[in-house]
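Colleague: What follows is a single structure, and I will ask about it in a moment.
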Amino acid sequence: MTGFFVTGTDTEVGKTVVCAWLMRALDGEYWKPVQCGLTDVGGKEQGEPGGDCETVQRLTGFSSERFHPPAHVFSAPRSPHEAAEM
Numbered sequence: 012m013t014g015f016f017v018t019g020t021d022t023e024v025g026k027t028v029v030c031a032w033l034m035r036a037l038d039g040e041y042w043k044p045v046q047c048g049l050t051d052v053g054g055k056e057q058g059e060p061g062g063d064c065e066t067v068q069r070l071t072g073f074s075s076e077r078f079h080p081p082a083h084v085f086s087a088p089r090s091p092h093e094a095a096e097m
């Protein structure tokens, strides 16, 4: 499997848009291993509306089958290492 890891050193620098562009350009799939600021309560997402996955899906127009759930979800809207410590 070939993959890309998109990272940035700050918030609002375009990581989500770059992921959507890569998916469209390479006809790929999306997985964000750690999502912060989002919780799943009774099958309904709370907090950040859908998180980056929803944004990438909206930007690409791809079906939900191309999107894999995060391995870790933290409700605190912080960096992953800070959210994990809470």
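Per this note's numbering, the very first residue in the sequence shown carries number 12; after that it's consecutive. By construction, the Cβ of each residue, glycine as well, lies at the ideal position given by its N, Cα and C atoms.
To the nearest angstrom, how far is it from the Cα of Glu76 to the Cα of Glu65?
Modeller: 13 Å
Colleague: Return yes when the Cβ of Phe85 is within less than 9 Å of the Cβ of Val28, no when it is not.
Modeller: no
Colleague: First and last residue of the alpha helix (DSSP H) that includes Val67?
Modeller: Note, Val67: alpha helix (DSSP H), Gly62 to Thr71.
Colleague: What span of residues does the alpha helix (DSSP H) with Asp17 cover, start to end?
Modeller: Here residue 17 turns out to be Val, not Asp, going by the sequence shown. Run containing Val17: none; DSSP gives neither H nor E here.
Colleague: Note down the Cα distance separating Lys43 from Trp32, rounded to an integer number of angstroms.
Modeller: 15 Å
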